[in-house]
Structures are given as structure tokens and as C-alpha cells.
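Numbering (numbering that gives the first Met the number 0) for the sequence shown: 0 to 402.
C-beta: ideal position from N, C-alpha, C; glycine also.
The structure presented is a predicted model; accordingly, all values stated were derived computationally and were not measured.
Note sheet for the following structure.
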Amino acid sequence: MIWEILRMAVDSLTVNKLRSFLSMLGIIIGVGAVIAIVSVGSGARMQVTNEISQLGSNLITISPGIRRGRGGRISITAADVFTMELAEQLQQNCPSVERIMPNVQTSGLLIAGGNNYQTQVIGVTPIYQQIYNFYPARGQFITDEHEVNATNVMVLGSGLAKELFPDTDPLGQTVKLFVRNRHLLFVVVGVMEEKGTGAWGNIENQAFIPASVLMKKINNRKYVSGYTAQAVSAAAAKAAVGEIEYFLTRYLGDPEKFRVFSQEQLLETISQVTGTLSLMLGGIAGISLLVGGIGIMNIMLVSVTERTREIGIRKALGAKRRHILAQFIIEALAMSGFGGLLGIGLGWLGAAGVAKLGGWPLVVTHSSVLVAFSFSLLVGLFFGIYPARKASRLDPVIALSYE
């Protein structure tokens, strides 16, 4: 009996294929959007997590605090406090910190021969290599001598080297840097290994110069934007954060003047933000499922009206109310189920396309597919009950006389 009802339900849907498809469209879009959004969010989160993890869970970021004033104004509280000398004091007073380096950068136009490239110029010290596990493939990196003497030397990212010197060896060549209405000449001493595009941008297209050069000859100030510290081990990262916070609170007199983040805390924050964003967008996409359910209910009500005489004949031949009720509920479930299956395919294709463009892994979880498909069936069941009850309660005498 159930298979007969199911066959009749499917037959009724295939009578008018276009109308059935249009009725399922909301379900298709809703399921597809939910799967695609959850997949893209999971893939992006995995990509960022992997890249941060590759740097090591023992990295710590120290930056000025942000304070909100009247009228929503935002001020950086310690912009004129972070110096190279403070970095040395942190190193001396925080035993769990193995290395610490300043964060200082600018953007400028690099010119070599007839080639030019606008990029980020990073001021570094020699320990940058160890902290970020990023080493030159050719030549050398910035040395202590370069840093102490503020020597105009530059290390190019592998991509930047190809842009500026497509046909020649960049080592020993001269590069002109235009920044802030001034220009400086640099000698290329190294080319970094290939790293690719990461969570923080394409480091292959960046240039690296001594931090002292950037601070003295370009920024003309002794302050830096923050620090990156490396704990002696991943297990010591939490202790290092505590030591840094304790020292800076005593040094600056106000814990709101700075912020200290470990990689672990950063990962937790990113996971929370992306998870919340995916949930919100998924909820918005779920609205289209409800719209699709309303579409199914409308078409089922039209179907009940069109098949009033058929319902009367079936009742006259002995069909019970539960048989009519089951037939129309199964029709609604079949419509939402088929729409859900098509939506799964659409969502997978959409997620695959976005993942390919974004360069992150495709992550379509079984749970997201199961939840989206189950919700589509629930929507079909909920919005199919009213038309089904209306059909099952038709008086056979009135139904048979319906024209």
C-alpha cells in the first residue's frame, strides 16, 4: 500500500514537471546555500588554522591597545611607547621568551631597470628567519651588521624577484625604493624561498630590509607598531604571555595600553568568528528553505483543488482519510526531498568553485549535508500537512459534484 501511494505521489509530480521544479526551487536554493556557506566557512577556517599552526603554536603577538573615546573615536594607546629598547627589556625580563622582534613595515614602489612593483616593505632583524621559519633560497638574509649599521640592503621574496628581474640574477643588483616623497637605493643580497599565498597575504611579493633602515631613514621615528615574540616551547607559550603582560603592566602602568595574543588564542578567536559568521549566514540561507516550504504548500493547495473530483472518486471506491492524507504528505515530502538532493549537488558545486578561487580546501561535512537535507524534509512535512488534511476531509459527495 505504501509503495502504491508513493508511486501515485511521484506520478502526480511528473505530470507537470516545470511547476514541480519551480515549487522546489526555494528548497534547492536553501539547501545549496546552507551547504555552500558551511563548507566555505569550514574550508577557510581550516586554511587559516593550518597556516598559523605551521608558524608554530609558540608565537606571541604584542600590539598597542585600542581605547574608545567620546563619539566612538578610537585611539591607539601605546603608539609612542613600543621601541627597540623595550623589546630588549622584554627579552631580559621574560625567561619564557626565546626571541622577540619588532613589527615595522611600510609600502612603496620598487624600481629595477624598466620594471616596477608596488609592494609591502618589511623591516626585520636577523631572527625573523627563525621566528617565521622562512629562509633565503639564494644569497643571505639581513645580518646583525646590516642592522647595526643601517645598511641599505634588501632581500626579495621569490615572486618579487621574478617581477623585478625576470631575465637576470637579482643578487648584487640595485633596487630603487620610492616611499613618502623620497627614494633610497638598495643592494639585493638575497632571494627568499617560495612560500605561496598565506593567511596574511602573499609574502613571496614582499621585500625585506633592516628594521633600523626603515625606522631611521624612512619612518624617521624610533617607535614600532608592535612585537612578535617566540616562546621557548609551545608548552611555555601561556607562561610567556603571563610574563609579558606582567612586565608591560608594570612598565606602562595600564593593562589597556597593550594587547598580547598567543597563536592558540588567535586560533580560538578565528574559530569563534568564522563559526558565528557561518551560523548567521546559514540561518539567513535557511530562510529560503521556509520560502520554499510556502511554495510547496501553495502548489499542494492548487493540486488539491485541481484533483477534488479524483479525491471524491477514490473515497467513493473505499479510500480512507488516512490514505488521502498519506498520499498528499508523501507528495510534499517527495517534492522537498528531490529539491534537497538537487540542493546538495548545487551546494557542493558552489563550494568547490569558491574553494578553488580562494585557494583553500573543499570541506563538505556529512553533518552539514544531513542537517540541510533533514531540514528540507521537515519543511516539506510541515507545509504539506495543511493541504493533506484539507484533501482528506473533503466530502466525497461534494467532491464528485465538483467541476
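Cβ-based burial, residue i [other Cβ within 10 Å; buried from 16]
i      : result
Leu247 : buried
Arg313 : buried
Tyr134 : exposed
Leu393 : buried
Ser366 : exposed
Ala234 : exposed
Pro386 : buried
Val103 : buried
Ser106 : exposed
Thr124 : buried
Val303 : buried
Ala136 : exposed
Gly31  : buried
Val368 : buried
Ile73  : Legend: pLDDT at Ile73 = 47, less than 50; position of this residue unreliable, value from coordinates given subsequently. By the neighbour-count rule (16 or more Cβ atoms within 10 Å), Ile73 is not buried but exposed.
Val363 : buried
Whole-angstrom distance between residue j and residue i, CA atom to CA atom
i      : j      : result
Glu87  : Gly349 : 50 Å
Phe257 : Leu265 : 16 Å
Thr13  : Ile269 : 47 Å
Gly71  : Gly64  : Bear in mind that a pLDDT of 48 at Gly71, under 50, signals an unreliable position, so the model cannot answer this.
Ile329 : Met23  : 14 Å
Asn219 : Lys175 : 18 Å
Ile286 : Phe372 : 14 Å
Leu108 : Gln117 : 4 Å
Val37  : Met191 : 36 Å
Leu289 : Gly346 : 17 Å
Met296 : Val259 : 55 Å
Pro169 : Gln128 : 20 Å
Gly338 : Ile27  : 5 Å
His145 : Leu155 : 15 Å
Leu159 : Val120 : 11 Å
Ile384 : Phe327 : 8 Å
Gly171 : Leu184 : 12 Å
Asn114 : Asn204 : 14 Å
Pro101 : Thr273 : 29 Å
His322 : Ser335 : 20 Å
Ile310 : Arg6   : 16 Å
Arg44  : Ala331 : 37 Å
Ala198 : Leu300 : Because Ala198 carries a pLDDT of 49, less than 50, the predicted location of this residue cannot be relied on, and the following value inherits that uncertainty. Each residue's Cα considered, the two are about 52 Å apart.
Thr48  : Leu251 : 32 Å
Ala390 : Thr307 : 8 Å
Leu361 : Ile283 : 22 Å
Pro209 : Met279 : 44 Å
Glu84  : Ser211 : 12 Å
Gly173 : Thr167 : Before going on, a small fix: residue 173 reads as Thr here, not Gly. Each residue's alpha carbon lies about 12 Å from the other.
Val80  : Val147 : 21 Å
Phe374 : Glu305 : 28 Å
Cys93  : Ser62  : 17 Å
Arg388 : Leu376 : 18 Å
Glu267 : Ser261 : 10 Å
Glu255 : Leu89  : 18 Å
Asn15  : Ala333 : 14 Å
Gly138 : Arg181 : 28 Å
Gly317 : Gly352 : 53 Å
Phe382 : Ala325 : 14 Å
Inter-residue CB distance, residue i and residue j (contact presumed, cutoff 8 Å)
i      : j      : result
Phe164 : Ala111 : 6 Å
Tyr222 : Thr82  : 6 Å
Gly42  : Ala354 : 5 Å
Val188 : Val152 : 5 Å
Gln46  : Trp359 : 4 Å
Gly292 : Gly379 : 7 Å
Gly122 : Leu213 : 3 Å
Glu242 : Val96  : 7 Å
Gly40  : Leu276 : 6 Å
Ile130 : Thr227 : 6 Å
Gln229 : Arg98  : 4 Å
Arg179 : Ile217 : 7 Å
Gly25  : Gly294 : 5 Å
Residues that DSSP places opposite residue i in a beta bridge
i      : result
Gly292 : Beta-bridge pairing links Gly292 to no other residue.
His182 : Phe177
Arg258 : Ser62
Leu109 : Tyr116 and Leu176
Leu155 : Val190 and Ala206
Thr304 : None, per the DSSP bridge assignment.
Val96  : Ala230
Gly122 : Val103 and Ile208
Gly225 : Asn102
Thr82  : Tyr222
Leu137 : The question names Leu, yet the displayed sequence has Arg at residue 137. Its beta-bridge partners are Val190.
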